[in-house]
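For reference, the structure is listed below as structure tokens.
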Amino acid sequence: ETENIQFTKDGPKLKLTIKNAQPTDHTGTYSVKIKDVESDQIPVTVTKKVPKFIKELKPNKTTLLEGEQLLLDCELDTVPITVQLHINGEAVPDDRVKTEIKDKKIKFTLDNIKLDESGDYTLKVNDEVDSKPVSITVNADIPKFVKNLTINKKQFDAGETLTFECTLNKPFDEIVWLKDGQPIEEDARVQFTKDGPKLKLTIKDAQPTDHTGTYSVRVKDVESDQIPVTVTKKVPKFVKDLKANKTTLTEGEQLVLECELDTVPTNVQFSVNGQPLPEDRVKVDVKDKKIKFTLDNIKLDESGDYTVKINDEVDSKPVSITVNADIPKFVKNLTINKKQFDLGETLTFECTLNKPFDEIVWLKDGQPIEEDARVQFTKDGPKLKLTIKDAQPTDHTGTYSVRVKEVESDQIPVTVTKKVPKFVKDLKANKTTLTEGEQLVLECELDTVPTNVKLQINGETVPEDRVKTDIKDKKIKFTLDNIKLDESGDYTVKINDEVDSKPVSITVNADIPKFVKNLTINKKQFDLGETLTFECTLNKPFDEIVWLKDGQPIEEDARVQFTKDGPKLKLTIKDAQPTDHTGTYSVRVKEVESDQIPVTVTKKVPKFVKDLKANKTTLTEGEQLVLECELDTVPTNVQLFINGELVPEDRVKTDVKDKKIKFTLDNIKLDESGDYTVKINDEVDSKPVSITVNADIPKFVKNLTINKKQFDLGETLNFECTLNKPFDDIVWLKDDQPIEENEHVQFTKDGPKLKLTIKNAQPTDHTGTYSVRVKEVESDKVPVTVTKKVPKFVKDLKANKTTLTEGEQLILECELDMAPSDVKLQINGETVPEERVKTEIKDKKIKFTLDNIKLDEAGDYTVKINDEVDSKPVSITVNADIPKFVKNLTINKKQFDLGETLNFECTLNKPFDEIVWLKDGQPIEEDAHIQFTKDGPKLKLTIKDAQATDHTGTYSVKVKEVESDKVPVTVTKKVPKFVKDLKANKTTLTEGEQLILECELDMAPSDVKLQINGETVPEDRVKTEVKDKKIKFTLDNIKLDESGDYTVKINDEVDSKPVSITVNADIPKFIKNLTINKKQFDLGETLTFECTLNKPFDDIVWLKDGQPIEEDAHIQFTKDGP
1 ETENIQFTKD GPKLKLTIKN AQPTDHTGTY SVKIKDVESD QIPVTVTKKV PKFIKELKPN
61 KTTLLEGEQL LLDCELDTVP ITVQLHINGE AVPDDRVKTE IKDKKIKFTL DNIKLDESGD
121 YTLKVNDEVD SKPVSITVNA DIPKFVKNLT INKKQFDAGE TLTFECTLNK PFDEIVWLKD
181 GQPIEEDARV QFTKDGPKLK LTIKDAQPTD HTGTYSVRVK DVESDQIPVT VTKKVPKFVK
241 DLKANKTTLT EGEQLVLECE LDTVPTNVQF SVNGQPLPED RVKVDVKDKK IKFTLDNIKL
301 DESGDYTVKI NDEVDSKPVS ITVNADIPKF VKNLTINKKQ FDLGETLTFE CTLNKPFDEI
361 VWLKDGQPIE EDARVQFTKD GPKLKLTIKD AQPTDHTGTY SVRVKEVESD QIPVTVTKKV
421 PKFVKDLKAN KTTLTEGEQL VLECELDTVP TNVKLQINGE TVPEDRVKTD IKDKKIKFTL
481 DNIKLDESGD YTVKINDEVD SKPVSITVNA DIPKFVKNLT INKKQFDLGE TLTFECTLNK
541 PFDEIVWLKD GQPIEEDARV QFTKDGPKLK LTIKDAQPTD HTGTYSVRVK EVESDQIPVT
601 VTKKVPKFVK DLKANKTTLT EGEQLVLECE LDTVPTNVQL FINGELVPED RVKTDVKDKK
661 IKFTLDNIKL DESGDYTVKI NDEVDSKPVS ITVNADIPKF VKNLTINKKQ FDLGETLNFE
721 CTLNKPFDDI VWLKDDQPIE ENEHVQFTKD GPKLKLTIKN AQPTDHTGTY SVRVKEVESD
781 KVPVTVTKKV PKFVKDLKAN KTTLTEGEQL ILECELDMAP SDVKLQINGE TVPEERVKTE
841 IKDKKIKFTL DNIKLDEAGD YTVKINDEVD SKPVSITVNA DIPKFVKNLT INKKQFDLGE
901 TLNFECTLNK PFDEIVWLKD GQPIEEDAHI QFTKDGPKLK LTIKDAQATD HTGTYSVKVK
961 EVESDKVPVT VTKKVPKFVK DLKANKTTLT EGEQLILECE LDMAPSDVKL QINGETVPED
1021 RVKTEVKDKK IKFTLDNIKL DESGDYTVKI NDEVDSKPVS ITVNADIPKF IKNLTINKKQ
1081 FDLGETLTFE CTLNKPFDDI VWLKDGQPIE EDAHIQFTKD GP
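Quick note: the sequence shown uses the UniProt record's numbering, first residue 1, plus one each step.
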């Protein structure tokens, strides 16, 4: 017997069965011999049937356009074992053709047919029969422009958007946009769009240099019409010339200049007499095409011709502005309310000008005065005010005036004299005889406001912290609170340390407390925890209060609190305790003691209002026991006992609500029968309650059953039974021994229903007699047998094809008569590694997939089932896969500038993995510049930011030892050029002015240096601004030694033409020479020298007798602009 040959015996009947008969194995003469007796001999012949074509191979069409679908159909007289489609004698790869076999009918589908797939197609059936060839022709799919390339106009301004559009006869993929015949790529400005057959090129923010040119689009070597486009820069024009709000102004006024352009400007520069105005001097507002300049507080030296330069290329017509000096006038001359003042009075000088001015100097005796603690200057628009507070004879007597921009007011003489105060009202007391603790008030009035006031008693000054002094103008008030015995005596006031009042005699008598209402308490006998409240009332409030218990002072704590409300006194004792608070209480006020009050505190014992009672006294184990009682007081501690033993806290739930107590015991147990009592506060016990707990015996309502008693290995066993009610003490048994849950065994409990499930049953582990025991009650016993089944092949192992090219996919399939537990694929008797094969088992069907088949994987394939049954072998042949270049290696150009991107591309006949890119015959690797891309059979090498040294060379690609064409490439460095030469805002400057130098390149620079006479200008001396290709240098406060030839060095390799700059010295002029108000001075007077220059300067030295002088405590230098 074998897997094909089977012997059967049914009593006297004998049977030989041979399945899947083969010509070689099973042709012959058969007989059967029984104990040397042989039957008749039967000759049998087995022949192989060769399939025939009922319907020859036929295509849906014989001439196709590339990209169309090819269908091939045929029909055989028998179901084929293997089917292979060929083209020109070569097998069509499995991933290229979709094969459908329905019984004897065969259908092949090739989507997206290619040019190289023209030829004779044949079908090989079972590796032995070929169909007649079918000739297929594939023609190229040539694109046509239904609507050729157009653009809305051909002349554009810089910054506009260019939109090119065209329509093809159908959608295509190989699209290249061209400018001047060279491919262009997408970037921040350039965008390609494809909507089916419609193509669109959009260029935003077009630039003259970058985007002027001839545009076209190439689709699969077919090029559109060429469209020339010009982008030019638009020069702005003045729609409204520069115009001023007024052309003649007085210094300090506001100048407003406005103009309007025909386009929005990118750069605006405002100048006066050809010199740019500093940014912090002018406010510039640009709203769309309108420009507004505002200069606040116009100055005399800002007269001249004003112009605007737009975008560094267009100038406005000049507007001539004249600024006149602003001379002040006194509308109301300097005045003061009087000219004779007392010491300490306030002097107020006032005047009014024709308008507000800033250059204001107040004078006393012709000399400038300064603000201090007494002197204050005020300016309210054109009104000026000088205020001198607390005037002094020496400091403030003199002649006053004010000078505004060299114009001086009238001079006002003022005299300040000292005044001695007098008593208008003598010192007087609210009362002359007082009781200690009362308030003493003393008052008087003077004829002048005092500067210093002191209250004295018996000639000694009363301390400041003892007396409150109130001075309101000329009135004085002294207040002494809580007068003391030792404060009797004669009281006087000293004014300004020079004048004394008449004395006032004051007598202070002692203050003795009296109990208006003596000490009381609401009762004298208290329970533990109650509150004690003692109260009394004095004739008036006092401070010296001591509470006593048993004659000893007591202090406040968490329980004891003292309260004082005016003359009322209160002692509160909360949560009174027998030991701490029983005793005799009194209060002592300034040595006077109240009545004594005896008090007793005792402890209260709780009593049961309702005795302990159970919800029921006889229970079945598992039921709930509830015990309740009620007391006459809230308990502090509660404990439940059974037979004198404390019930554990985790066994009982205790609820105390005020005076009611409830105990709950869930799931009562047999050993919890007995007498229950409650102990309150560890001192009082309840009457006992007797509780009886009876056992709960289970019954089987439905005994243990199983659906059958004979099982195959791997089947599931389900045992079930039903009890009279749910129970917890459940033990499942096999052969009278307890069993436990594991990956096979699972116990289930649904109320009174019990279930034992055994999955994937095994003969050794699970054959036996089963029962279940519930609380010592056992179910019926159920015997079960599990036996092992040997699998058989219903369908032998079969391959999708027996001859493959390396890299193709091998699929092997078979079917068993049962689900396998273990499956292994073997080649030449060796197990195929798990990571090499994908194994799929769906019930009884098995499928093995080997992707990317290798040359060394040719051989005989078998399947071993459950480590006991082997399939018939399937012989597999694997042929080598040699790559072909369908499109050889190309690049868009061979000469590149430094920094450009190189794109090499080629296409293979199919995708491959063993790819090596070469430069000058050596392998190259990916890095920050180099990137390899693979899209199916298409290969791409991208080199970004190409460098001359690193990336010049001959490139190729090697695929599995097959090398592409070699492509030579040269990368050269691009040298920048000056589009606009270096230009200065002016070539002759005065030291201190600002020098601006500007230029423009044809490319953005990487490094920029400004040089003077061949030397680099230090970075902290020049401000450098690089915006794309434009460069601007600013040198503020130009110096004499900065004359010379200025050049710019770009990228350390290109120099600009020199610009010659001359810096002239800035020589000061005295517009107003040095003056002083007089030349003869008294010792102690102030000397003020003044002069005015044509402009501010820094190098200033003051001289005396031809020698430099320095600032000190007497000498001060001041500089205010010029």
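Here a beta-carbon is modelled for each residue, glycine too, at the ideal position from N, C-alpha and C.
Three-state secondary structure (DSSP) of residue i
i	result
Thr862	strand
Asp395	helix
Arg218	strand
Arg96	coil
Asp116	helix
Thr250	strand
Asp671	helix
Glu1110	coil
Pro80	coil
Glu223	strand
His211	helix
Thr300	As written in the sequence, residue 300 is Leu, which differs from the Thr given in the question. Helix at Leu300.
Leu1074	strand
Glu630	strand
Glu56	strand
Glu258	strand
Glu38	strand
Glu857	helix
Ser875	strand
Asn245	coil
First and last residue of the uninterrupted beta strand (DSSP E) at residue i
i	result
Asp712	Gln710 to Asp712
Lys910	Run containing Lys910: none; DSSP gives neither H nor E here.
Asn888	Phe885 to Ile891
Gln376	Val375 to Asp380
Ala643	Ala is not the amino acid found at residue 643; the sequence shown has Asn there. Premise fails: Asn643 is in no beta strand (DSSP E) and is neither H nor E.
Val693	Val689 to Asn694
Per DSSP, the bridge partner or partners of residue i
i	result
Ser1060	Asp1045
Arg403	Val361 and Glu408
Cys1091	Partner(s): none; Cys1091 has no beta bridge.
Trp917	Val957
His86	Ala91 and Thr122
Residue i, enclosing alpha helix (DSSP H) - first and last residue
i	result
Ala948	Ala948 to His951
Pro23	Pro23 to His26
Any contact of the region 790-805 with the region 734-753, i.e. 3+ C-beta pairs under 8 Å? no
### Message
Three Cβ pairs or more, each shorter than 8 Å: is that satisfied between the region 985-992 and the region 1009-1026?
### Response
no
Notebook entry, point to check: Residue ranges of each beta strand (DSSP E) run of no fewer than 3 residues wholly in the UniProt domain "Ig-like" (421-505), ordered along the chain?
Noted result: Secondary structure remark: continuous beta strand (DSSP E) runs of at least 3 residues inside the UniProt domain "Ig-like" (421-505), in chain order: 423-429, 433-435, 440-446, 453-457, 468-472, 475-480 and 489-495.
Note to self: Quick test of the definition: if touching needs 3 or more C-beta pairs under 8 Å, does the region 822-837 touch the region 897-909?
What the structure shows: Output reads no: the region 897-909 does not touch the region 822-837.
To test your reading of the DSSP string, which unbroken alpha helix (DSSP H) runs of 4 or more residues are found completely within the UniProt domain "Ig-like" (513-600)? Contiguous alpha helix (DSSP H) elements confined to the UniProt domain "Ig-like" (513-600) occur at 578-581, taking only those with 4 or more residues.
task: Jot down the residue ranges of each uninterrupted alpha helix (DSSP H) in the UniProt domain "Ig-like" (698-785), minimum 4 residues, whole runs only, in chain order.
output: Counting whole runs of 4 or more residues, the UniProt domain "Ig-like" (698-785) contains the alpha helix (DSSP H) stretches 763-766.
Below 8 Å, how does it come out for the region 796-810 and the region 92-111: are there three or more Cβ pairs, yes or no? yes
Unbroken stretches of the beta strand (DSSP E), 3 residues or longer, contained in the UniProt domain "Ig-like" (976-1060) = 978-984, 988-990, 995-1001, 1008-1012, 1023-1027, 1030-1035 and 1044-1050
- Task: Spell out a yes or no on whether the region 245-261 and the region 284-291 are touching, meaning 3 or more CB-CB pairs, one atom from each, closer than 8 Å.
- Result: yes
Original post:
So, do the region 590-598 and the region 508-519 have three or more beta carbon pairs nearer to each other than 8 Å?
Top reply: With a cut-off of 8 Å, the region 508-519 and the region 590-598 count as touching, because enough Cβ pairs lie within range.
>> Contact between the region 317-327 and the region 366-385 is defined here as three or more beta-carbon pairs at a separation below 8 Å; is this criterion met?
In response: The count of Cβ pairs closer than 8 Å, one atom from the region 317-327 and one from the region 366-385, stays below three, leaving the stretches out of contact.
If contact is defined by three or more beta carbon pairs under 8 Å, each pair taking one atom from either stretch, is the region 759-774 in contact with the region 736-744? yes
Quiz prompt | Residue ranges of each beta strand (DSSP E) within the region 821-855, 3 or longer | solution = 823-827, 838-842 and 845-850
Going along the chain, which unbroken runs of the beta strand (DSSP E) with 3 or more residues stay wholly within the region 108-159?
For the region 108-159, whole beta strand (DSSP E) runs of length 3 or above, ordered along the chain, are 119-125, 134-139, 145-151 and 155-157.
* **At least 3 beta-carbon pairs within less than 8 Å: the region 656-666 vs the region 623-634** => At 8 Å Cβ cutoff, the stretches touch.
| field | Given 8 Å, three or more beta-carbon pairs between the region 493-509 and the region 574-588 | value | Result no; under three Cβ-Cβ pairs closer than 8 Å.
### Query
Which residue spans inside the region 265-336 form an unbroken beta strand (DSSP E) run of at least 3?
268-272, 283-287, 290-295, 304-310, 319-324 and 330-336
Using 8 Å as the Cβ pair cut-off and three pairs as the minimum, do the region 854-872 and the region 929-944 touch? no
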